[in-house]
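**Q** In my numbering, the protein residues as written are 19 to 116.
Glycine is no exception: its CB is placed at the ideal position from the N, C-alpha and C atoms.
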């Protein structure tokens with residue numbers, strides 16, 4: 019079981035970093051566009067910035083010193099679940115809107 023955490027931690031951390039590419043661009047876009055139409059983008063901005071905070075533990079988990087840290091794995095897995103579910107929610111709204 020001890021051999022599980024280095025590989026899983028690396029996979030989860032890389033997945034969190036890849037998912038955050040979308041949310042970093044979304045945060046920057048909201049800030050540049052001044053919140054979009056009537057400023058409704060500012061309501062989404064705290065959520066995207068919260069998801070952007072998961073970049074920090076994901077980057078730390080990729081360092082060799084922390085590759086077996088269980089707490090970082092749990093934080094990264096939580097970030098992966100939250101960001102992937104929110105991304106699926108956003109993309110399903112964009113897909114279903116006419």
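(1) In this structure, does DSSP put residue 55 in helix, strand or coil?
(2) One question on the structure: do residue 97 and residue 72 come within less than 8 Å of each other, judged by their Cβ atoms?
(3) Do you know how far the Cα of residue 86 is from the Cα of residue 107?
(4) Taking the straight line between their C-alpha atoms, what separation do you get for residue 64 and residue 48?
(5) Which whole-angstrom value describes the C-beta separation of residue 37 and residue 102, a residue pair presumed to lie in contact below a C-beta threshold of 8 Å?
**A** In short:
(1) helix
(2) yes
(3) 32 Å
(4) 11 Å
(5) 6 Å
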